[in-house]
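By the count of the numbering used here, the sequence shown reaches residue 525 at its end, each step adding exactly one.
C-beta atoms are modelled at their ideal positions from N, C-alpha and C, and glycine is treated no differently.
Below is one structure; the comments refer to it alone.
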Amino acid sequence: MNPYFAYSISFIVAITIYALGWSDAYPPLSLALLGFLGCTIIGFTIVGFRWQRITKSTLERLPVDNNPLVVTIFIYALWAADFFYEGGIPLLKILLAQPYNYRLFGIPSLHVFTVTFSSFYTIYLFHLYLSGRKKLILILYFINLSAAVLIYSRAMFMFNVCASILLFFQFGKKLSPRMMISAPFLALFLFYLFGVFGNLRVSRESKSNYDNSIFLNTGQATQNFRESIVPNEFFWSYIYATSSLANLQQNINHADRHVSWAWFGKMVNNEMLFNFISKRINTVFNIPHPGEHTIEGSFNVSTIYSKAFSHLSWIGMAIMSTYLLLIPFLYYKLLSPSPFLCTGLAILTTMFLFTAYDNTISFTGLSFQLIYPILFSWLEDRKIFSLRKLRSKNR
131 MNPYFAYSIS
141 FIVAITIYAL
151 GWSDAYPPLS
161 LALLGFLGCT
171 IIGFTIVGFR
181 WQRITKSTLE
191 RLPVDNNPLV
201 VTIFIYALWA
211 ADFFYEGGIP
221 LLKILLAQPY
231 NYRLFGIPSL
241 HVFTVTFSSF
251 YTIYLFHLYL
261 SGRKKLILIL
271 YFINLSAAVL
281 IYSRAMFMFN
291 VCASILLFFQ
301 FGKKLSPRMM
311 ISAPFLALFL
321 FYLFGVFGNL
331 RVSRESKSNY
341 DNSIFLNTGQ
351 ATQNFRESIV
361 PNEFFWSYIY
371 ATSSLANLQQ
381 NINHADRHVS
391 WAWFGKMVNN
401 EMLFNFISKR
411 INTVFNIPHP
421 GEHTIEGSFN
431 VSTIYSKAFS
441 HLSWIGMAIM
451 STYLLLIPFL
461 YYKLLSPSPF
471 LCTGLAILTT
481 MFLFTAYDNT
491 ISFTGLSFQL
501 IYPILFSWLE
511 DRKIFSLRKL
521 RSKNR
């Protein structure tokens, strides 16, 4: 569980897949951008080795306490409220071709808590299972993991699975030859399934039967890809892995250049704070957002750096990379020692694994999960409440 290695892997994979050149919508990556990313990859990798030495002795298993059935029931009561507010379960509405807009799903404000706490607790349960290997806890883990399927959130599902895999390698078995052989095939299957679910959604939106060619037009697939033997379903994974990098390059090519203390303050607000806070600050003080230039279509995510470039050009990107370097050490200092340390670091590492995709620091749906390990550690230390024992305590 190394956020720095995760960052390096994230951008190496994105750049490598980008080189396939399967979309006509993408601009070529400039030497300046490749140089910047190359420097950060090298820097983060070097710091990552230092991180390994610091954290190695503190990543421990959880003491196994009472069964967490009560919390699971509480979480599903929150999901039930969201389903009632929506008028149905998103997965069923999509399968039954009923009207559904994922952007409007959930009770405002409460939904943010439901998503973040559910995701945190799913990862925590897997940590708890690996500590004691109790089958009931594993069952509850899969019950909580299935919430992402019910709300048809591929991002939440992939986030939880990635964090669980990190925990598995931290406490589980080492990679056996069988696992090394089967892992690529499992990854290909998951990528294919990711495309299938994406095609189901766009086919439904187009009011047609399952059609795996619709998204090729949306993502402007090249003729080479269309004529290749690669199944069309894999184009979804290609676009999701690389469109953010294309948007970063597009923004660098066309954004206005701002360098001033005023824009520095705006960048701190917009890119370094939870977005539910920054949006309210922008509303109260009428602070404009510089926006960003993106490629054609609905692909509007653009790595952790694009909006930083909109605020302060290359200086903004350098500041953001420095901020990223500091976050893991600060979080580790806040949380260590704690029984929730491994859960928190699994979440943090997974966030860094997606930095090539979006600003996972400002996106509340991901970053707010980091609060729960700190919160429950604080409550447990002061004997106010123990999440692991499911009972309140008096001082």
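| Cβ shell of residue 336 (< 8 Å), same chain only, five flanking positions each side left out | Exclusion of the five residues before and after residue 336 leaves 344 as the residues of its chain whose Cβ lies within less than 8 Å of its Cβ.
For this session: Please name the residue, chosen from 514, 348, 478, 273, that lies closest to residue 370 on a Cα-to-Cα basis.
Result: It is 348 whose Cα lies nearest to the Cα of residue 370.
Is DSSP giving residue 351 helix, strand or coil here?
-> strand
- Is residue 425 near residue 468, with beta carbons less than 9 Å apart? no
I'd like to know whether the C-beta atoms of residue 167 and residue 135 end up nearer to each other than 9 Å. Between residue 167 and residue 135, the gap from beta carbon to beta carbon reaches 9 Å or more.
Margin query: Please report the straight-line C-alpha distance between residue 516 and residue 474, rounded to a whole angstrom.
Written below: 16 Å
Specify the secondary structure class of residue 516 as computed by DSSP and reduced to three states.
strand
task = Output the distance between the C-alpha atoms of residue 464 and residue 477, rounded to the nearest integer angstrom.
result = 15 Å
Measuring alpha carbon to alpha carbon, tell me which of 153, 480, 147 ends up nearest residue 354.
153
Roughly how many whole angstroms lie between the Cα atoms of residue 326 and residue 255?
Near 28 Å, if we compare the C-alpha coordinates of residue 255 and residue 326.
Determine the closest residue to residue 228 out of 219, 340, 445, with distance taken between C-alpha atoms.
-> 219
Whole angstroms are fine: how far does the CA of residue 470 sit from the CA of residue 524?
Legend: pLDDT at residue 524 = 42, less than 50; position of this residue unreliable, no value from coordinates given.
| What are the complete beta strand (DSSP E) segments, minimum 3 residues, inside the stretch 161 to 185? | none
Given residue 509, which residues of its chain have a CB within under 8 Å of its CB, disregarding the five upstream and five downstream residues?
Closer than 8 Å at Cβ, skipping near neighbours: 515, 516, 517.
8 Å contact criterion, which residue 432 and residue 422 should meet: CB distance rounded: 6 Å
Rounded to a whole number of angstroms, what is the C-alpha to C-alpha distance between residue 246 and residue 499? 5 Å
Exercise. Excluding sequence positions up to five away, which residues of its chain have a Cβ less than 8 Å from the Cβ of residue 209?
Worked result: 244, 248, 277, 280, 281
ask   = Is the beta carbon of residue 329 sitting closer than 9 Å to the one on residue 362?
value = Residue 362 is positioned such that its CB atom lies closer than 9 Å to that of residue 329.
Practice problem: Verify whether the separation of the beta carbon atoms of residue 376 and residue 156 is less than 9 Å. | Solution: yes
Euclidean distance between Cα positions of residue 169 and residue 294 = 30 Å
Considering only residues of the same chain and omitting the five flanking positions on each side of residue 333, which have a CB-CB separation below 8 Å?
339, 340, 341, 344
Worksheet entry | Between the CA atoms of residue 410 and residue 252 - distance to the nearest angstrom | 29 Å
Are the CB atoms of residue 301 and residue 183 within a distance shorter than 9 Å? no
Locate the alpha helix (DSSP H) running through residue 380, then write down its first and last residues. 364 to 384
Rounded to whole angstroms, how far is the Cβ of residue 283 from the Cβ of residue 404, which I believe are closer than 8 Å? Between residue 404 and residue 283 the Cβ distance is about 19 Å, and since that is not below 8 Å, they are no contact.
Leaving aside the five residues before and after residue 367 along the sequence, list all residues of the same chain whose C-beta is less than 6 Å from its C-beta, in chain order.
Excluding positions up to five away in sequence, the list reads 321, 324.
In terms of residues, what are the limits of the alpha helix (DSSP H) holding residue 458?
436 to 465 is the span of the alpha helix (DSSP H), which, as asked, contains residue 458.
field: Three-state class that DSSP yields for residue 138 in the structure shown
entry: helix
Which residue wins for smallest C-alpha separation from residue 200, given the options 286, 273, 387, 507? 273
Notebook entry, point to check: What is the C-beta distance between residue 173 and residue 352, in whole angstroms, given that I count them as a contact (C-beta under 8 Å)?
Noted result: Contact doesn't hold; Cβ gap of about 34 Å is too wide.
- How about residue 482 and residue 137: are their beta carbons less than 9 Å apart? yes
| For the alpha helix (DSSP H) that contains residue 205, what are its first and last residues? | 199 to 216
**Request:** Could you spell out the range, first to last residue, of the alpha helix (DSSP H) harbouring residue 220?
**Result:** Residues 220 to 225.
* Does DSSP put residue 507 in a helix, in a strand, or in coil? -> helix
Three-state secondary structure (DSSP) at residue 153? When DSSP states are grouped into helix, strand and coil, residue 153 belongs to the strand group.
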